[in-house]
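Student:
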Amino acid sequence: MALSFTSTLPRISPSPKSSPSSLPPYPRAVPATVCCSAEDNAAAAGEKRAGLALTRRDAAKLIGTSIGIELLSCSRLLVRTADAADLIQRRQRSEFLSSVRVTLATGLKGSPDLIPPVLTLALNDAITYDKATKTGGPNGSIRFSSEISRPENKGLSAALSFVDDAKKEIDSYSKGGPISYSDLIQFAAQSAVKATFLASAIRKCGGNEEKGSLLYSAYGSSGQWGLFDKQLGRSDTSEPDPEGRVPQWDKASVQDMKEKFTSIGLGPRQLAVMSAFLGPDQNATEALLASDKDVAPWVEKYQRSRETVSQTDYEVDLITTLTKISSLGQNINYEAYSYPRPKVDFSKLKL
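Next up, the structure:
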(Lines of atoms letter the chains of each structure in order from A; the text may use other names.)
(Lines give C-alpha, C1' and ligand atoms only; values in the text may rest on other atoms or scores of the structure.)
Protein backbone atom coordinates (compact mmCIF):
# COMPACT_ATOMS: atom_id res chain seq x y z
CA MET A 3 0.00 0.00 0.00
CA ALA A 4 1.39 3.40 -0.96
CA LEU A 5 2.32 5.99 1.65
CA SER A 6 0.65 9.32 1.04
CA PHE A 7 2.41 12.60 1.72
CA THR A 8 -0.23 14.73 0.13
CA SER A 9 -0.75 16.69 3.34
CA THR A 10 2.85 17.88 3.31
CA LEU A 11 3.03 18.91 -0.33
CA PRO A 12 2.92 22.71 -0.75
CA ARG A 13 0.02 24.34 -2.42
CA ILE A 14 1.20 27.28 -4.51
CA SER A 15 -1.56 29.62 -5.49
CA PRO A 16 -2.14 33.37 -5.55
CA SER A 17 -3.24 35.02 -2.33
CA PRO A 18 -6.99 35.62 -2.26
CA LYS A 19 -6.30 39.32 -1.71
CA SER A 20 -4.06 39.55 -4.78
CA SER A 21 -5.40 40.72 -8.05
CA PRO A 22 -5.37 37.95 -10.68
CA SER A 23 -4.10 40.42 -13.24
CA SER A 24 -1.05 41.31 -11.15
CA LEU A 25 0.20 37.78 -10.48
CA PRO A 26 1.20 34.94 -12.82
CA PRO A 27 -1.33 32.10 -13.09
CA TYR A 28 0.39 29.57 -10.79
CA PRO A 29 -1.19 26.12 -11.00
CA ARG A 30 -2.55 24.53 -7.88
CA ALA A 31 -0.51 21.67 -6.46
CA VAL A 32 -2.00 18.29 -7.23
CA PRO A 33 -2.00 15.55 -4.55
CA ALA A 34 0.68 12.97 -5.30
CA THR A 35 1.67 9.56 -4.08
CA VAL A 36 5.10 8.33 -2.94
CA CYS A 37 5.61 4.68 -3.96
CA CYS A 38 7.71 2.75 -1.47
CA SER A 39 7.55 -0.82 -2.87
CA ALA A 40 7.53 -2.70 -6.16
CA GLU A 41 3.85 -3.49 -5.74
CA ASP A 42 3.03 0.10 -5.10
CA ASN A 43 5.10 1.12 -8.11
CA ALA A 44 3.13 -1.27 -10.30
CA ALA A 45 -0.19 -0.17 -8.84
CA ALA A 46 0.69 3.47 -9.33
CA ALA A 47 1.98 3.05 -12.87
CA GLY A 48 -1.03 4.82 -14.22
CA GLU A 49 -0.63 7.67 -11.79
CA LYS A 50 3.08 8.02 -12.60
CA ARG A 51 2.33 8.23 -16.31
CA ALA A 52 -0.04 11.03 -15.43
CA GLY A 53 2.67 12.74 -13.34
CA LEU A 54 0.90 12.13 -10.04
CA ALA A 55 3.29 9.64 -8.34
CA LEU A 56 6.73 10.01 -6.73
CA THR A 57 9.16 7.14 -6.32
CA ARG A 58 11.40 6.85 -3.28
CA ARG A 59 14.30 8.11 -5.39
CA ASP A 60 12.29 11.19 -6.38
CA ALA A 61 11.39 11.83 -2.74
CA ALA A 62 15.01 11.39 -1.66
CA LYS A 63 16.13 13.87 -4.32
CA LEU A 64 13.61 16.42 -3.10
CA ILE A 65 14.64 15.97 0.53
CA GLY A 66 18.34 16.11 -0.40
CA THR A 67 17.82 19.25 -2.42
CA SER A 68 15.99 20.89 0.49
CA ILE A 69 18.77 19.99 2.93
CA GLY A 70 21.44 21.16 0.47
CA ILE A 71 19.79 24.54 0.04
CA GLU A 72 19.58 24.94 3.82
CA LEU A 73 23.25 24.02 4.30
CA LEU A 74 24.28 26.38 1.51
CA SER A 75 22.35 29.18 3.13
CA CYS A 76 24.02 28.50 6.50
CA SER A 77 27.50 28.32 4.95
CA ARG A 78 26.99 31.65 3.20
CA LEU A 79 26.00 33.19 6.51
CA LEU A 80 29.15 31.83 8.14
CA VAL A 81 31.31 33.13 5.29
CA ARG A 82 29.74 36.58 5.57
CA THR A 83 30.37 36.55 9.33
CA ALA A 84 34.01 35.49 8.84
CA ASP A 85 34.53 38.14 6.15
CA ALA A 86 33.09 40.80 8.42
CA ALA A 87 35.39 39.76 11.29
CA ASP A 88 38.39 39.79 8.94
CA LEU A 89 37.50 43.28 7.71
CA ILE A 90 37.24 44.54 11.28
CA GLN A 91 40.66 43.10 12.15
CA ARG A 92 42.25 44.59 9.05
CA ARG A 93 40.78 47.98 9.81
CA GLN A 94 42.01 47.81 13.42
CA ARG A 95 45.52 46.84 12.30
CA SER A 96 45.54 49.56 9.65
CA GLU A 97 44.48 52.22 12.13
CA PHE A 98 47.09 51.03 14.63
CA LEU A 99 49.84 51.05 12.00
CA SER A 100 48.88 54.57 10.94
CA SER A 101 49.32 55.74 14.53
CA VAL A 102 52.66 53.94 14.79
CA ARG A 103 53.88 55.67 11.63
CA VAL A 104 52.95 59.08 13.02
CA THR A 105 54.82 58.39 16.26
CA LEU A 106 57.96 57.21 14.43
CA ALA A 107 57.91 59.92 11.76
CA THR A 108 57.49 62.65 14.37
CA GLY A 109 60.38 61.31 16.41
CA LEU A 110 62.73 61.03 13.44
CA LYS A 111 61.80 64.46 12.14
CA GLY A 112 62.93 65.89 15.45
CA SER A 113 66.16 63.84 15.43
CA PRO A 114 67.24 63.32 11.79
CA ASP A 115 70.72 62.30 12.97
CA LEU A 116 69.15 59.03 14.16
CA ILE A 117 68.16 57.94 10.65
CA PRO A 118 71.47 56.17 9.73
CA PRO A 119 71.75 54.19 13.01
CA VAL A 120 68.05 53.26 12.88
CA LEU A 121 68.63 51.78 9.42
CA THR A 122 71.66 49.81 10.61
CA LEU A 123 69.81 48.68 13.75
CA ALA A 124 67.07 47.13 11.61
CA LEU A 125 69.56 45.45 9.27
CA ASN A 126 71.67 44.02 12.09
CA ASP A 127 68.61 42.67 13.90
CA ALA A 128 67.41 40.93 10.73
CA ILE A 129 70.62 39.70 9.16
CA THR A 130 71.33 37.28 12.02
CA TYR A 131 69.08 34.86 10.10
CA ASP A 132 70.68 31.48 9.42
CA LYS A 133 69.12 29.45 6.59
CA ALA A 134 70.59 26.15 7.76
CA THR A 135 69.09 26.26 11.26
CA LYS A 136 66.13 28.57 10.47
CA THR A 137 67.09 30.73 13.46
CA GLY A 138 67.69 34.43 13.94
CA GLY A 139 66.20 37.09 11.72
CA PRO A 140 64.20 40.21 12.62
CA ASN A 141 63.13 38.97 16.04
CA GLY A 142 64.03 41.89 18.29
CA SER A 143 67.05 40.12 19.79
CA ILE A 144 69.18 43.24 19.35
CA ARG A 145 67.32 44.79 22.28
CA PHE A 146 69.26 42.61 24.73
CA SER A 147 72.26 44.32 26.31
CA SER A 148 74.55 41.38 25.51
CA GLU A 149 73.76 41.79 21.79
CA ILE A 150 73.58 45.56 21.37
CA SER A 151 77.01 45.80 23.05
CA ARG A 152 78.72 43.62 20.42
CA PRO A 153 81.36 45.28 18.18
CA GLU A 154 79.13 45.14 15.05
CA ASN A 155 76.47 47.14 16.90
CA LYS A 156 78.76 49.91 18.06
CA GLY A 157 77.05 53.29 17.82
CA LEU A 158 73.50 51.87 17.72
CA SER A 159 72.55 52.46 21.38
CA ALA A 160 70.96 55.82 20.59
CA ALA A 161 68.81 54.20 17.90
CA LEU A 162 67.69 51.51 20.35
CA SER A 163 66.85 54.20 22.93
CA PHE A 164 64.71 55.90 20.29
CA VAL A 165 62.88 52.61 19.73
CA ASP A 166 62.42 52.16 23.49
CA ASP A 167 60.86 55.62 23.84
CA ALA A 168 58.61 55.07 20.82
CA LYS A 169 57.48 51.73 22.25
CA LYS A 170 56.39 53.31 25.51
CA GLU A 171 54.28 55.85 23.66
CA ILE A 172 52.80 53.30 21.26
CA ASP A 173 51.97 50.81 24.02
CA SER A 174 50.12 53.57 25.86
CA TYR A 175 47.54 53.91 23.09
CA SER A 176 47.54 50.39 21.64
CA LYS A 177 44.21 48.62 22.10
CA GLY A 178 45.58 45.29 20.88
CA GLY A 179 48.48 44.78 23.26
CA PRO A 180 52.08 46.01 23.29
CA ILE A 181 53.94 46.25 20.01
CA SER A 182 56.83 43.81 19.58
CA TYR A 183 60.39 45.08 19.27
CA SER A 184 60.76 43.03 16.10
CA ASP A 185 57.89 44.93 14.47
CA LEU A 186 58.85 48.31 15.84
CA ILE A 187 62.50 48.12 14.75
CA GLN A 188 61.56 47.25 11.16
CA PHE A 189 58.83 49.89 10.94
CA ALA A 190 61.25 52.43 12.38
CA ALA A 191 63.52 51.57 9.46
CA GLN A 192 60.61 52.06 7.08
CA SER A 193 59.98 55.52 8.53
CA ALA A 194 63.69 56.32 8.23
CA VAL A 195 63.75 55.23 4.57
CA LYS A 196 60.69 57.35 3.81
CA ALA A 197 62.39 60.30 5.51
CA THR A 198 65.40 59.92 3.20
CA PHE A 199 63.13 59.74 0.15
CA LEU A 200 61.30 62.88 1.23
CA ALA A 201 64.55 64.70 2.03
CA SER A 202 65.82 63.91 -1.47
CA ALA A 203 62.65 65.34 -3.03
CA ILE A 204 62.97 68.51 -0.94
CA ARG A 205 66.59 68.98 -2.05
CA LYS A 206 65.53 68.66 -5.68
CA CYS A 207 63.04 71.47 -5.04
CA GLY A 208 65.71 73.81 -3.72
CA GLY A 209 64.89 73.13 -0.08
CA ASN A 210 61.21 74.02 -0.41
CA GLU A 211 59.43 71.55 1.89
CA GLU A 212 55.99 72.13 0.43
CA LYS A 213 57.12 71.57 -3.14
CA GLY A 214 59.28 68.66 -2.07
CA SER A 215 56.35 66.98 -0.35
CA LEU A 216 54.23 67.44 -3.47
CA LEU A 217 57.02 65.99 -5.62
CA TYR A 218 57.36 62.96 -3.36
CA SER A 219 53.58 62.44 -3.29
CA ALA A 220 53.40 62.64 -7.08
CA TYR A 221 56.49 60.63 -8.05
CA GLY A 222 57.46 58.68 -4.93
CA SER A 223 57.07 54.94 -4.47
CA SER A 224 54.69 54.93 -1.51
CA GLY A 225 52.48 52.38 -3.22
CA GLN A 226 55.31 49.83 -3.15
CA TRP A 227 55.10 49.37 0.64
CA GLY A 228 51.98 47.18 0.58
CA LEU A 229 53.67 43.83 1.28
CA PHE A 230 55.93 45.34 3.91
CA ASP A 231 52.91 46.74 5.75
CA LYS A 232 51.13 43.39 5.69
CA GLN A 233 53.99 41.82 7.64
CA LEU A 234 52.89 43.49 10.86
CA GLY A 235 52.81 40.73 13.47
CA ARG A 236 56.36 39.54 14.14
CA SER A 237 57.20 37.78 17.41
CA ASP A 238 60.01 38.72 19.77
CA THR A 239 62.61 36.17 20.77
CA SER A 240 63.38 35.59 24.43
CA GLU A 241 67.17 35.45 24.07
CA PRO A 242 70.00 37.02 22.07
CA ASP A 243 70.94 35.56 18.69
CA PRO A 244 74.28 33.71 18.41
CA GLU A 245 77.42 35.76 17.91
CA GLY A 246 79.39 35.91 14.70
CA ARG A 247 76.46 36.27 12.30
CA VAL A 248 76.75 40.01 11.58
CA PRO A 249 79.81 41.61 9.94
CA GLN A 250 81.36 44.80 11.25
CA TRP A 251 80.31 46.86 8.27
CA ASP A 252 82.95 49.55 8.81
CA LYS A 253 85.74 46.95 8.80
CA ALA A 254 84.36 44.25 6.48
CA SER A 255 85.64 43.79 2.95
CA VAL A 256 83.24 43.88 0.03
CA GLN A 257 83.76 40.14 -0.33
CA ASP A 258 82.67 39.62 3.31
CA MET A 259 79.54 41.66 2.64
CA LYS A 260 78.77 39.74 -0.55
CA GLU A 261 79.13 36.43 1.25
CA LYS A 262 76.81 37.55 4.03
CA PHE A 263 74.14 38.70 1.59
CA THR A 264 74.52 35.49 -0.38
CA SER A 265 73.94 33.47 2.79
CA ILE A 266 70.47 34.97 3.14
CA GLY A 267 69.56 34.55 -0.52
CA LEU A 268 70.56 38.00 -1.81
CA GLY A 269 73.27 39.20 -4.18
CA PRO A 270 75.38 42.17 -5.35
CA ARG A 271 72.31 44.07 -6.52
CA GLN A 272 70.68 44.00 -3.09
CA LEU A 273 73.98 44.79 -1.38
CA ALA A 274 74.36 47.91 -3.50
CA VAL A 275 70.83 49.19 -2.90
CA MET A 276 71.21 48.71 0.89
CA SER A 277 74.30 50.94 1.05
CA ALA A 278 72.56 53.44 3.33
CA PHE A 279 72.11 50.67 5.91
CA LEU A 280 75.81 49.75 6.08
CA GLY A 281 77.13 52.78 7.95
CA PRO A 282 76.61 56.45 8.70
CA ASP A 283 78.25 57.67 5.46
CA GLN A 284 76.44 56.31 2.40
CA ASN A 285 78.86 57.95 -0.05
CA ALA A 286 81.88 56.34 1.63
CA THR A 287 80.14 52.97 1.67
CA GLU A 288 79.28 53.21 -2.02
CA ALA A 289 82.84 54.18 -2.88
CA LEU A 290 83.99 50.96 -1.23
CA LEU A 291 81.31 48.86 -2.91
CA ALA A 292 82.17 50.34 -6.32
CA SER A 293 85.65 48.79 -6.05
CA ASP A 294 84.09 45.37 -6.64
CA LYS A 295 83.34 44.44 -10.24
CA ASP A 296 80.14 42.59 -9.30
CA VAL A 297 78.67 45.38 -7.20
CA ALA A 298 79.96 48.44 -9.10
CA PRO A 299 77.36 48.35 -11.94
CA TRP A 300 74.54 48.35 -9.41
CA VAL A 301 76.06 51.16 -7.37
CA GLU A 302 76.29 53.27 -10.52
CA LYS A 303 72.73 52.38 -11.51
CA TYR A 304 71.30 53.53 -8.18
CA GLN A 305 73.42 56.68 -8.11
CA ARG A 306 72.02 57.64 -11.51
CA SER A 307 68.51 56.79 -10.34
CA ARG A 308 68.80 59.08 -7.32
CA GLU A 309 69.55 61.97 -9.65
CA THR A 310 66.24 61.56 -11.48
CA VAL A 311 63.02 63.24 -10.39
CA SER A 312 61.32 60.04 -9.30
CA GLN A 313 64.42 57.90 -8.46
CA THR A 314 62.08 54.98 -9.15
CA ASP A 315 64.68 52.25 -9.71
CA TYR A 316 66.41 53.03 -6.44
CA GLU A 317 63.28 53.37 -4.35
CA VAL A 318 61.49 50.29 -5.69
CA ASP A 319 64.54 48.04 -5.34
CA LEU A 320 65.29 49.33 -1.85
CA ILE A 321 61.70 48.74 -0.69
CA THR A 322 61.67 45.26 -2.23
CA THR A 323 64.97 44.29 -0.59
CA LEU A 324 64.03 45.69 2.82
CA THR A 325 60.71 43.85 2.66
CA LYS A 326 62.51 40.55 2.11
CA ILE A 327 65.14 41.13 4.79
CA SER A 328 62.56 42.26 7.34
CA SER A 329 60.65 38.98 7.07
CA LEU A 330 63.52 36.47 7.18
CA GLY A 331 62.46 33.42 9.21
CA GLN A 332 59.35 35.09 10.60
CA ASN A 333 55.89 33.58 10.95
CA ILE A 334 53.61 36.60 10.77
CA ASN A 335 50.57 36.74 13.02
CA TYR A 336 48.05 38.53 10.83
CA GLU A 337 45.69 39.00 13.77
CA ALA A 338 48.24 40.83 15.90
CA TYR A 339 47.10 44.12 17.47
CA SER A 340 43.43 43.47 16.70
CA TYR A 341 41.03 43.41 19.62
CA PRO A 342 37.46 42.38 20.40
CA ARG A 343 34.91 45.10 19.94
CA PRO A 344 32.83 45.96 23.02
CA LYS A 345 29.35 44.50 22.97
CA VAL A 346 26.39 46.83 23.24
CA ASP A 347 23.95 46.02 26.03
CA PHE A 348 20.66 47.00 24.41
CA SER A 349 18.80 46.45 27.67
CA LYS A 350 20.49 49.55 29.09
CA LEU A 351 19.63 51.78 26.18
CA LYS A 352 17.05 54.42 26.92
CA LEU A 353 14.56 54.79 24.10
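The sequence shown begins at 3 in the working numbering and counts up one residue at a time.
Where is the CB? At the ideal position from N, CA and C, for every residue including glycine.
#1: Helix or strand or just coil, what does DSSP make of residue 108?
#2: Less than 9 angstroms between the beta carbons of residue 179 and residue 119, yes or no?
#3: Is the segment 238-257 touching the segment 214-227 in the sense that three or more CB pairs, one from each, lie closer than 8 angstroms?
#4: What number of angstroms, rounded off, separates the C-alpha of residue 291 from the C-alpha of residue 301?
#5: CA-CA distance, residue 143 and residue 89?
#6: Identify which residue in 67, 99 and 59 has its Cα closest to the Cα of residue 338.
#7: Kindly list the residues whose CB is nearer than 6 angstroms to the CB of residue 329, restricted to its own chain and excluding five residues on each side of it in sequence; keep chain order.
#8: At least one CB of chain D closer than 9 angstroms to the CB of residue 112: is that the case?
#9: Which residue's Cα is closest to the Cα of residue 265: 121, 130 and 69?
#10: How many angstroms separate the CA atom of residue 321 from the CA atom of residue 65?
#11: If I'm right that residue 230 touches residue 125 with Cβ under 8 angstroms, what's the distance once you round it to whole angstroms?
#12: Cβ atoms of residue 164 and residue 110: under 9 angstroms apart, would you say?
#13: Taking 8 angstroms as the cut-off, does the segment 162-176 touch the segment 209-224 (at least 3 CB pairs, one atom from each stretch)?
#14: Find the nearest neighbour of residue 297 within the set 268, 96 and 283, judged by alpha-carbon distance.
#15: For residue 114, tell me which candidate among 186, 193 and 251 has the shortest Cα-Cα distance.
#16: Exposed or buried, what is residue 313 when buried is set at 16 or more other beta-carbons lying within 10 Å of its beta-carbon?
#17: Going by the DSSP bridge assignment, what does residue 132 pair with across the sheet?
#18: Between the C-alpha atoms of residue 94 and residue 343, what's the straight-line distance to the nearest angstrom?
#19: Going by C-alpha distance, which of 107, 128, 69 and 325 is nearest residue 248?
#20: Alpha carbon to alpha carbon, how far is residue 333 from residue 203?
#21: Would you identify the three-state DSSP class for residue 204, choosing helix, strand or coil?
#22: Which residues in the same chain as residue 175 place their Cβ atom closer than 8 angstroms to its Cβ, once the five residues preceding and following it in sequence are excluded?
#23: Which word fits residue 216, buried or exposed, when buried means at least 16 other C-beta atoms lie within 10 angstroms of its C-beta?
#24: Relative to the C-alpha of residue 187, which residue among 160, 177 and 213 is closest?
#25: Thinking just about the alpha-carbon of each residue, which of 276, 116 and 112 is nearest to the one in residue 326?
#26: May I ask you to report which of helix, strand or coil DSSP gives residue 310?
#27: For residue 336, count the other beta carbons within 10 Å of its own beta carbon; 16 or more makes it buried, fewer makes it exposed. Which is it?
#28: With 16 as the cutoff for other CB atoms within 10 Å, does residue 108 come out buried or exposed?
#29: Can you list, in chain order, the stretches of the alpha helix (DSSP H) that have 4 or more residues and sit fully within the segment 176-249?
#30: Just verifying my parser: in three-state terms, what is the DSSP assignment at residue 259?
Tutor: According to the data block:
#1: Residue 108 sits in a helix when the DSSP states are folded into three classes.
#2: Their beta carbons are not under 9 angstroms apart, which means residue 179 does not touch residue 119 by this criterion.
#3: Three or more beta-carbon pairs separated by less than 8 angstroms are not found between the segment 214-227 and the segment 238-257, which leaves the two stretches without contact.
#4: Each residue's CA atom was taken as its position, placing residue 291 and residue 301 some 7 angstroms apart.
#5: Roughly 32 angstroms separates the two Cα atoms.
#6: In this structure, 99 is the residue among 67, 99 and 59 with its C-alpha nearest to the C-alpha of residue 338.
#7: Scanning its chain for C-beta atoms nearer than 6 angstroms, with the 5 sequence neighbours on each side dropped, one finds around residue 329 the residues 233, in chain order.
#8: In summary, chain D is missing from the structure at hand, where a single protein chain is found.
#9: Here the closest residue by C-alpha is 130.
#10: So the alpha carbons of these two residues sit roughly 57 angstroms apart.
#11: With a beta-carbon spacing of about 14 angstroms, residue 230 and residue 125 fall beyond the 8 angstroms limit used to define contacts.
#12: Taking 9 angstroms as the Cβ cut-off, residue 110 and residue 164 qualify as a contacting pair.
#13: Contact fails: fewer than three Cβ-Cβ distances are below 8 angstroms.
#14: Nearest option by C-alpha distance: 268.
#15: Taking the Cα of residue 114 as reference, the smallest distance to any Cα among 186, 193 and 251 is reached at 193.
#16: It is buried - the Cβ of residue 313 has at least 16 other Cβ atoms within 10 Å.
#17: BP columns for residue 132 point to 137.
#18: Computed Cα separation, rounded: 10 angstroms.
#19: Per the Cα distances, 128.
#20: Between residue 333 and residue 203, the C-alpha separation is close to 35 angstroms.
#21: For residue 204, the secondary structure class from DSSP, reduced to helix, strand or coil, is helix.
#22: The residues are 101.
#23: Around the beta carbon of residue 216, fewer than 16 other beta carbons sit within 10 angstroms, so the residue counts as exposed.
#24: Nearest option by C-alpha distance: 160.
#25: The candidate whose alpha carbon is nearest that of residue 326 is 276.
#26: Looking at residue 310 - three-state DSSP - the assignment turns out to be coil, as it is neither helix nor strand.
#27: Flag for residue 336 reads exposed.
#28: So residue 108 ends up on the exposed side.
#29: Complete alpha helix (DSSP H) runs here, min 4: 183-206, 211-221 and 228-232.
#30: In the structure shown, the three-state DSSP call for residue 259 is helix.
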